[in-house]
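A.B. asks: Take this structure first; my questions come after.
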Amino acid sequence: MQTIQWSAAYSVGDDEIDRQHRRLIDVINRLGQLLSGGHDADGATAQEIFDLLADYVTSHFAYEEQRMVDAGYPLDKVEAHRGEHRRILKSLQAFEVKLEEGNGETLRELLPFLYGDWLTHHICAVDSDYADCLAAERSGV
């Protein structure tokens, strides 16, 4: 897998959220490097990646949701966004169960989920929806 580089396409215009999104890209790149190196991840490496994701999910989702509320993003859209976060969390939990059950392909299945579903779909499409609200807040509109 080619290393993902941060670009403006991933930015929502909030320094902290963008920093957190960069952190996710770092985790995706780390997983991609592990898998493209032809090495099968042992339990410790896989667990380390899940620990990073669990920490990220806990802090990032809470921060992002509160930031949307603070910026005046419509509450029905905040709730819909929370639903997206719950869907991602549920998927990550399912991956972790598969890993705990000894499914050796779990990390290979996780990579397209992180890149395609989370980074490309969620961050580039779903998160970009509230970027205008954050921009309006910054400009005082």
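Residue 21 is where the sequence shown starts when you use my numbering, and the numbers rise one by one after that. The C-beta atom is built at its ideal place from N, Cα and C for all residues, glycine as well. Small disclaimer: the values here were computed from a predicted structure and weren't measured.
(1) Are the beta-carbon atoms of Tyr-76 and Val-32 separated by less than 9 Å?
(2) Is Leu-51 closer than 9 Å to Leu-139 when the C-beta atoms are compared?
(3) For Ile-143, I'd like the list of residues in its chain whose CB is within less than 7 Å of its CB, leaving aside the five on either flank, ordered along the chain.
(4) Can the beta-carbon of Ile-24 be found less than 9 Å from the beta-carbon of Asn-49?
(5) Of all the options Leu-127, Ala-156, Thr-78 and Ala-145, which has the alpha carbon lying nearest to the alpha carbon of Arg-106?
(6) Taking just the CA atoms, how far does His-101 sit from Val-146?
(7) Between which two residues does the alpha helix (DSSP H) containing Ala-29 stretch?
(8) With Phe-133 and Thr-126 assumed to form a contact (beta carbons below 8 Å), what rounded beta-carbon distance in angstroms separates them?
(9) Would the beta-carbon of Val-36 fall within 9 Å of that of Arg-87?
(10) Determine the direct distance from the alpha carbon of Gly-57 to that of Asp-96, and round the result to whole angstroms.
(11) Does the separation of the CB atoms of Cys-153 and Gly-103 fall below 9 Å?
(12) According to DSSP, is Tyr-93 helix, strand or coil?
(13) Smallest Cα separation from Arg-128: which of Ala-82, Leu-54, Arg-39 and Ala-28?
C.D. replies: Reading off the structure:
(1) no
(2) no
(3) Tyr-30 and His-41
(4) yes
(5) Thr-78
(6) 8 Å
(7) Element bounds for Ala-29: n/a, residue is neither H nor E.
(8) Their Cβ separation, rounded to whole angstroms, is 10 Å, which puts Phe-133 and Thr-126 out of contact at 8 Å.
(9) In the sequence on display, residue 36 carries Glu and not Val. Their beta carbons are under 9 Å apart, which means Glu-36 touches Arg-87 by this criterion.
(10) 44 Å
(11) no
(12) coil
(13) Leu-54
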